[in-house]
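Taking it in order: structure first as structure tokens, then the write-up.
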Amino acid sequence: MINTVSRASDDKDTMKKIQDKIQQILPKNGDKNPGQKSENPRDTWWNNNAKHIWNGMICALTYTEKKDTGESAKIKQDSGLKNALLDNDGKKPKKNGKYSDYEKVKLEDTSGPKINQSSSTSENKPTTLTNFISRPPYFRYLEEWGETFCGTQKRLLKDVKTNCLDENGGKKCSGDGEACDRTDILNEGLFAELYGSSCAISCRSYKKWISRKKEEFIKQENAYNNQKVNCETESKGAAPNNGDNGFCGTLGRCNTAAAFLNKLKSGPCKSENGEDKKGNSHITFDVNGETFRYEKYCGTCPEFKINCTKVKCTSGGMQNGCKDNKINAANFKTMGQPTEINMLVSDKSKNGSQNGLEDCISSGIFKGFREDVWECGNFCGYVVCKPKTSDGEKVSGKENGENQIILINALLKRWVEYFFEDYNKIRKKLNPCGNKSEKTICTNECLDTWISKKKGEWQQIKDRYKKLNKNKNDEDSNDLKNFLEQGIFESDKKKAIKPCGDLNAFENSCGLNGAHSSKTKGDDERDLVKQRR
1 MINTVSRASD
11 DKDTMKKIQD
21 KIQQILPKNG
31 DKNPGQKSEN
41 PRDTWWNNNA
51 KHIWNGMICA
61 LTYTEKKDTG
71 ESAKIKQDSG
81 LKNALLDNDG
91 KKPKKNGKYS
101 DYEKVKLEDT
111 SGPKINQSSS
121 TSENKPTTLT
131 NFISRPPYFR
141 YLEEWGETFC
151 GTQKRLLKDV
161 KTNCLDENGG
171 KKCSGDGEAC
181 DRTDILNEGL
191 FAELYGSSCA
201 ISCRSYKKWI
211 SRKKEEFIKQ
221 ENAYNNQKVN
231 CETESKGAAP
241 NNGDNGFCGT
251 LGRCNTAAAF
261 LNKLKSGPCK
271 SENGEDKKGN
281 SHITFDVNGE
291 TFRYEKYCGT
301 CPEFKINCTK
311 VKCTSGGMQN
321 GCKDNKINAA
331 NFKTMGQPTE
341 INMLVSDKSK
351 NGSQNGLEDC
361 ISSGIFKGFR
371 EDVWECGNFC
381 GYVVCKPKTS
391 DGEKVSGKEN
401 GENQIILINA
411 LLKRWVEYFF
421 EDYNKIRKKL
431 NPCGNKSEKT
441 ICTNECLDTW
451 ISKKKGEWQQ
461 IKDRYKKLNK
471 NKNDEDSNDL
481 KNFLEQGIFE
491 SDKKKAIKPC
501 GDLNAFENSC
511 GLNGAHSSKT
521 KGDDERDLVK
531 QRR
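Mapping to UniProt numbering: the sequence shown position 165 is 165, numbers consecutive.
Right, dumping it as structure tokens:
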């Protein structure tokens, strides 16, 4: 073709030079065997630089940060560490030392994640650093994700058990902070203190963490199969692409991310008693199992213990109403017609348009809202609530839903948490609107609609509580302000009342407590929900 073009061209010398160049390149490419893959630049780079990087890492271990009096911190080499780790020149790891050759360094149980291989002797050999880094990045990440998950879960659950369980392992407090044993606790109603605040704080932290980890795990499950196929395909190529040291061949035993992670029985994922296959003594990665749930330790109290001699039962008499010194879900049968309390809760259901909050969805603040419906009744002076069920499915979507019961102050606690979380999301989205340097055009339809609904919910809670608690009015001695002073709300509360430093400053600025009316004629009642804009 080039000869044909050159004959039609006046510049034959130029075309000849192009032809000669092409002929010089083509034979070189043709010398390679058909089907042979080109060298992987990443592998080549690592092979050339790995030992230098390792030497640098060992050298870095000999340096510590020290701060002399009146001076800023300085990096200094520790002579003891230098003599222990480096050779006489102080440039390379000590010859024949534990860290002298990165290709021979082994990953022990305490030094990182390790798949517990079975069967053949070769698979039971300790994993070397070289073998570990030769594995595809996705599977290295998945191992590290699993190890981090196990370690963090054990630490968080330790806090939960310490704060929520008694000495015998029984439930001392609910995940909302209610004391399950109330025989010596006065029934103070809607604004009553939650005596298990430390349990509620630990459980809230754990719930948020385990929810994020569940979403991450689902993503790993969805990506695993493609990554597995890619690994097996690439491992069949010619060297250096076939550099996984046989790792991809072992993936045939693990068809899911859960199966892969369940082999992590070293380090944090190892059962404390070593019985990895007995009962629930080990961490099992199953999206539908106990691992990604929180109800076992952070659920509701199975029942409330009360002192029947200190309460007044208005239905069934003392004999029938409070003979067992406890309140459980079965007692709802004696409470008469229950009163419903509804609340909208933001979630990822993407059904905001069904609840009149389309503007909050289109603005990108929320993905959707669900409606939680609770049934509440009065049992011997205690206002008790449980989630309502419909067609066999409970609103919250949790198992054993009909047996979940909480007291009215715990329901208020949930509503306040939802309020603060959603309000702070809206406020964060609208913050640029108050900055004059920003040219963002903002509308407040979402905020107006959301506030309107929250006002309605707040009024409903107060009205329904008064209806259920006709013979007791505790609003004068236990108001919302005191309720919000509990540590459970501290973090979200601070964000919501900025720039005010505390509730007293906020009260003077915007009004806070419905029990203390505004003295200005024509003003609305000074109420947190009605004034928080």
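Glycine included, C-beta positions come from ideal geometry on N, C-alpha and C.
Where does residue i sit, in a helix, a strand or coil, going by DSSP?
i: Glu103; result: coil
i: Leu81; result: helix
i: Leu190; result: coil
i: Gly287; result: Before going further, note that residue 287 is Val rather than Gly in the sequence given. Three-state result, Val287: coil.
i: Ser174; result: coil
i: Leu61; result: coil
i: Ile365; result: coil
i: Ile75; result: strand
i: Leu86; result: strand
i: Asp422; result: helix
i: Ser518; result: Per-residue confidence for Ser518 stands at a pLDDT of 42, beneath the threshold of 50, marking its modelled position as unreliable; the derived number appears in the next sentence. Here Ser518 sits in coil by DSSP.
i: Gln159; result: The residue you asked about is not Gln; residue 159 is Asp in the sequence shown. Three-state DSSP puts Asp159 in a helix.
i: Phe181; result: Correcting the residue identity first, residue 181 is Asp in this sequence and not Phe. Three-state result, Asp181: strand.
i: Glu485; result: coil
i: Tyr297; result: helix
i: Arg135; result: coil
i: Asn444; result: coil
i: Asp502; result: coil
i: Phe217; result: helix
i: Phe292; result: coil
i: Cys322; result: coil
i: Pro41; result: helix
i: Leu480; result: helix
i: Val229; result: helix
Would you say residue i and residue j are within 8 Å of each other, going by their C-beta atoms?
i: Asp87; j: Lys74; result: no
i: Ile341; j: Leu407; result: no
i: Arg182; j: Phe332; result: no
i: Asp492; j: Asn431; result: no
i: residue 555; j: Leu157; result: In the structure as shown, the chain starts at 1 and stops at 533, and residue 555 therefore has no counterpart that could be examined.
i: Lys386; j: Glu371; result: no
i: Val345; j: Tyr465; result: no
i: Leu468; j: Asn328; result: no
i: Glu221; j: Ala258; result: yes
i: Asn288; j: Asn307; result: no
i: Asp159; j: Ser197; result: no
i: Asn409; j: Leu61; result: no
i: Ser362; j: Lys429; result: no
i: Ala50; j: Tyr99; result: no
i: Val384; j: Ile405; result: yes
Using the DSSP secondary-structure output, state which residues sit across from residue i in a beta bridge.
i: Phe379; result: Tyr382
i: Glu417; result: BP columns for Glu417 are empty, so no partner.
i: Asp372; result: Met343
i: Ala329; result: None, per the DSSP bridge assignment.
i: Pro93; result: Leu86
i: Leu165; result: Lys171
i: residue 538; result: The chain is shown from 1 up to 533; residue 538 falls before or after that span and cannot be answered.
i: Phe304; result: Ile327
i: Lys66; result: Lys74
Assuming residue i and residue j are in contact, meaning their beta carbons sit under 8 Å apart, how far apart are those beta carbons, in whole angstroms?
i: Lys214; j: Phe292; result: 4 Å
i: Leu264; j: Glu147; result: 6 Å
i: Cys298; j: Cys164; result: 7 Å
i: Lys207; j: Tyr294; result: 5 Å
i: Ile58; j: Pro93; result: 5 Å
So, for residue i: in the same chain, excluding its five sequence neighbours on each side, which residues have a beta-carbon less than 7 Å away from its beta-carbon?
i: Ser477; result: In this prediction, Ser477 scores a pLDDT of 49, lower than 50, which makes its location untrustworthy; no coordinate-derived value is stated.
i: Ile426; result: Ile365, Cys446, Leu447 and Trp450
i: Glu421; result: Asp492
i: Asn262; result: Thr284 and Phe285
i: Arg155; result: none
i: Ala200; result: Gly175, Asp176, Gly177, Leu194 and Ile488
i: Ser47; result: Looking at the sequence provided, one finds Asn at residue 47 rather than Ser. Taken in chain order, the list of residues that qualify is empty.
i: Asp359; result: Glu445, Cys446 and Thr449
i: Ser396; result: Note that Ser396 scores 49 on pLDDT, short of 50, meaning its location in the model is unreliable and no value can be drawn from it.
Excluding sequence positions up to five away, which residues of its chain have a Cβ less than 8 Å from the Cβ of residue i?
i: Leu503; result: Lys481, Leu484, Glu485, Lys493, Ile497 and Leu512
i: Leu357; result: Leu344, Phe366, Phe369, Cys446, Thr449, Trp450 and Lys453
i: Lys348; result: Lys367 and Gly368
i: Glu216; result: Trp145
i: Thr339; result: Glu375, Cys376, Gly377, Arg464, Lys467 and Leu468
Suppose the cutoff is 6 Å on Cβ atoms and the five residues either side in sequence are ignored; what does the same chain contact list for residue i look like?
i: Asn187; result: Gly381 and Tyr382
i: Lys76; result: Lys66
i: Gly56; result: none
i: Gln153; result: none
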